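In the numbering used here, the protein residues as written are 1085 to 1225.
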């Protein structure tokens, strides 16, 4: 007579452990990717916010302090608005995750000195991390 044995064999247990380990490995990789994507999205959002707020410092042409002269009206006649004529490196009080941040806000007269097109083009560029850039541009008059 044969007796029925209950329980699992060693092969069944090993198969179950291997399948479970594969699932854990796949989910761990997905978790690492999601954390990386989330960190990148947060950095882009912070840099975007900084670039936009820098540009919004100048709501009108008068707030830039520029006057239309032969120097500023030339194509490529650009004035730096943040700091001096060099890009401004900011202390990262609110944006510590971004690493090294360089902010540049430039202004130019794209249409020259004209009563019809007396507008200034503002461009705000934030460079952060390993050379990643975010920029915003608008026209003010």
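All C-beta atoms, glycine included, are put in the ideal place defined by N, C-alpha and C.
What you are looking at is a predicted structure, and each value in this text was computed from that prediction instead of being measured.
I need the boundaries of the alpha helix (DSSP H) containing residue i, first residue and last residue.
i	result
residue 1132	1094-1139
residue 1147	1145-1148
For the beta strand (DSSP E) containing residue i, list its first residue and its last residue.
i	result
residue 1192	1185-1192
residue 1208	1204-1212
residue 1219	1216-1224
Do you know offhand how far residue i's Cα is from residue j's?
i	j	result
residue 1207	residue 1150	14 Å
residue 1111	residue 1093	28 Å
residue 1222	residue 1108	49 Å
residue 1103	residue 1096	11 Å
residue 1138	residue 1099	59 Å
residue 1087	residue 1101	28 Å
residue 1117	residue 1188	32 Å
residue 1215	residue 1197	35 Å
residue 1192	residue 1183	29 Å
residue 1113	residue 1125	18 Å
residue 1115	residue 1140	37 Å
residue 1090	residue 1106	27 Å
Under the assumption that residue i contacts residue j (Cβ atoms under 8 Å), give the Cβ distance between them as a whole number of angstroms.
i	j	result
residue 1218	residue 1210	5 Å
residue 1145	residue 1220	Going by Cβ atoms, the distance from residue 1145 to residue 1220 rounds to 17 Å, so no, they are not a contact pair.
residue 1165	residue 1190	7 Å
residue 1131	residue 1212	5 Å
residue 1204	residue 1148	6 Å
Looking only at C-alpha atoms, which of the options sits nearest to residue i?
i	options	result
residue 1181	1100, 1087, 1105, 1127	1127
residue 1179	1205, 1192, 1123	1123
residue 1152	1202, 1120, 1143, 1091	1202
Identify whether residue i lies in helix, strand or coil by the three-state DSSP scheme.
i	result
residue 1087	coil
residue 1168	Because residue 1168 sits at a pLDDT of 43, beneath the cut-off of 50, its placement in the model cannot be relied upon, and the point is left open.
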